[in-house]
Amino acid sequence: EPEVTQTPSHQVTQMGQEVILRCVPISNHLYFYWYRQILGQKVEFLVSFYNNEISEKSEIFDDQFSVERPDGSNFTLKIRSTKLEDSAMYFCASSQGQLVSEAFFGQGTRLTVV
Amino acid sequence: TQLLEQSPQFLSIQEGENLTVYCNSSSVFSSLQWYRQEPGEGPVLLVTVVTGGEVKKLKRLTFQFGDARKDSSLHITAAQPGDTGLYLCANRRGSARQLTFGSGTQLTVLP
């Protein structure tokens with residue numbers, strides 16, 4: 787069964803360092819998403835990506851964040867200068883289309899900023 | 018922003034009991050999704066409800082969408098320890114249909 791895969795599963799980084807979280811969405815999907823979940827809190831939308839550009843982003847997704855699809859298969863989230871409050875589970879998701887099609891989530895990357 | 022309120026926040030029951038959890042909003046939904054999330058995993062879609070008054074069954078799980086499409090419930094019959102998890106309702110909105118999640122109900126089913 788096709789699935790969304792994320793690497794690494796756990797990343798520990800020092801405050802101020804750059805991190806890149808990687809995702810391989812399901813191959814025939816067109817919409818890609820990043821969500822995050824701070825421990826004990828809601829799953830929050832960060833950004834959506836379609837047709838090689840950002841389609842929507844939340845207020846969380848500030849200038850420190852960027853996304854890229856460098857090679858047609860990987861979908862990456864970069865945080866330029868991490869802060870302690872960036873510590874969270876980051877989930878990548880993809881969906882086939884715009885309507886009520888299912889969004890499939892990866893298993894997440896646990897980012898710990900120390 | 019369309020806020021989703023879920024209740025109860027925590028629920029701990031014995032195996033074999035029945036339970037109902039709720040998802041409410043002051044706004045009307047075009048559709049609503051229920052997800053289940055286990056520790057260290059991403060959310061997994063259980064069902065999408067679209068029509069007001071709709072009832073969908075998934076084995077021992079029964080999902081209902083309110084007539085006014087402002088609320089939904091999930092009823093589990095004869096709960097099992099494998100039902101333990103975080104149950105999330107979510108609404109898809111925006112040009113890319115991104116999800117807005119409720120805060121979830123953490124269900125623990127004790128053997």
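Residue numbers (our numbering), protein chains in the order written: chain A, 787 to 900; chain B, 18 to 128.
Note that beta-carbon positions come from the ideal geometry of N, C-alpha and C, so glycine has one too.
Fair warning: this is a prediction, and the values are worked out from it, not measured in the lab.
For Pro128/B, which residues from the same chain have a beta carbon less than 6 Å from its beta carbon, with the 5 sequence-adjacent residues on both sides left out? Against the second sequence, residue 128/B aligns to sequence position 111. Once the five neighbours on either side are set aside, the close Cβ partners of Pro128/B are Glu32 and Pro98.
Counting only beta-carbon separations shorter than 8 Å, does Gly59/B have a partner in chain A? Within the second sequence, the letter at position 42 stands for residue 59/B. Output row for Gly59/B: interface = yes.
Answer yes or no: the CB of Glu34/B versus the heavy atoms of the ligand NAP, is any distance below 7 Å? This structure lacks the ligand NAP, and indeed carries no ligand of any kind.
Of all the options Lys76/B, Thr94/B, Pro60/B and Asp84/B, which has the alpha carbon lying nearest to the alpha carbon of Val126/B? The residue given as residue 126/B occupies position 109 in the second sequence. Closest option to Val126/B, Cα to Cα, is Thr94/B.
Thinking just about the alpha-carbon of each residue, which of Arg896/A, Glu839/A and Ala889/A is nearest to the one in Pro788/A? As a working note, residue 788/A is residue 2 in the first sequence. For Pro788/A, the nearest C-alpha among the options comes from Ala889/A.
Taking the alpha carbon of Val61/B as the point to measure from, which residue in Phe831/A, Val790/A, Glu804/A and Ile846/A has its own alpha carbon closest? Locating residue 61/B in the second sequence gives position 44, counting from the first residue. Nearest option by C-alpha distance: Val790/A.
Spatial neighbours of Phe818/A within its chain, please: CB distance less than 6 Å, with the 5 preceding and 5 following residues excluded, ordered by chain position. By 1-based counting over the first sequence, the position of residue 818/A is 32. Result list for Phe818/A: Pro811, Phe835, Phe861 and Ser880, in chain order.
Less than 6 Å between C-beta atoms, sequence neighbours within five positions excluded: which residues of the same chain meet that for Glu22/B? As a first step, residue 22/B is located in the second sequence; it is residue number 5 there, counting from the start. Here the set comprises Asn41.
Distance between beta carbons of Cys809/A and Gly883/A, contact taken as under 8 Å: Working through the first sequence from its first residue, we reach residue 883/A at position 97. Working through the first sequence from its first residue, we reach residue 809/A at position 23. About 19 Å separates the two Cβ atoms, so there is no contact after all.
Could one say the Cβ of Tyr819/A lies closer than 8 Å to chain B's Cβ atoms, at least one of them? For the purposes of this step, residue 819/A is taken as the residue at position 33 of the first sequence. True, the Cβ-Cβ gap to chain B drops below 8 Å.
In terms of DSSP beta bridges, what is Phe27/B paired with? As a working note, residue 27/B is residue 10 in the second sequence. Answer by DSSP bridge pairing, in chain order: Gln123/B.
What are the boundary residues of the beta strand (DSSP E) that includes Ile865/A? Along the first sequence, one-based indexing puts residue 865/A at 79. It spans Phe861 to Ile865 - the beta strand (DSSP E) in which Ile865/A sits, taken as one unbroken run.
From Gln792/A, Ser795/A, Thr799/A and Thr793/A, pick the residue whose C-alpha is nearest to that of Val899/A; which is it? Within the first sequence, the letter at position 113 stands for residue 899/A. Cα-wise, what sits closest to Val899/A is Thr799/A.
By the criterion of Cβ-Cβ separation under 8 Å, what are the contact partners of Leu105/B in chain A? For the purposes of this step, residue 105/B is taken as the residue at position 88 of the second sequence. Val829, listed in chain order.
Are the CB atoms of Gln792/A and Thr868/A nearer to each other than 8 Å? Here residue 792/A refers to the residue found at position 6 when the first sequence is read from its first residue. Here residue 868/A refers to the residue found at position 82 when the first sequence is read from its first residue. Cβ distance not < 8 Å, so Gln792/A and Thr868/A don't count as in contact.
Could you give the residue range of the beta strand (DSSP E) that holds Phe835/A? Along the first sequence, one-based indexing puts residue 835/A at 49. Val829 to Tyr836 is the span of the beta strand (DSSP E), which, as asked, contains Phe835/A.
Answer with yes or no whether the minimum CB distance from Leu62/B to chain A is below 8 Å. The count along the second sequence starts at 1 and reaches residue 62/B at position 45. Judged by the 8 Å Cβ criterion, Leu62/B is in contact with chain A.
Which term fits Val72/B, buried or exposed, when burial requires 16 or more other beta carbons within 10 angstroms of its beta carbon? For the purposes of this step, residue 72/B is identified with residue 55 of the second sequence, where counting begins at 1. Answer is exposed; the Cβ neighbour count stays below 16.
For Asp849/A, which of helix, strand or coil comes out of DSSP? Here residue 849/A refers to the residue found at position 63 of the first sequence. Coil at Asp849/A, not helix or strand.
Can the beta-carbon of Leu116/B be found closer than 8 Å to that of Phe831/A? In the second sequence, residue 116/B corresponds to position 99, counting from 1. In the first sequence, residue 831/A corresponds to position 45, counting from 1. Against a cut-off of 8 Å, the Cβ pair of Phe831/A and Leu116/B comes out as a contact.
Please state whether DSSP places Asp88/B in a helix, a strand or coil. Locating residue 88/B in the second sequence gives position 71, where the first residue counts as 1. The answer is strand: DSSP assigns Asp88/B an E or B state.
Listing by chain order, which chain B residues have their CB less than 8 Å from the CB of Gln893/A? Against the first sequence, residue 893/A aligns to sequence position 107. Under the 8 Å cutoff, chain B gives Gly57, Glu58 and Gly59.
At least three beta-carbon pairs within less than 8 Å, the segment 48-60 of chain B to the segment 837-854 of chain A: These segments do not touch.
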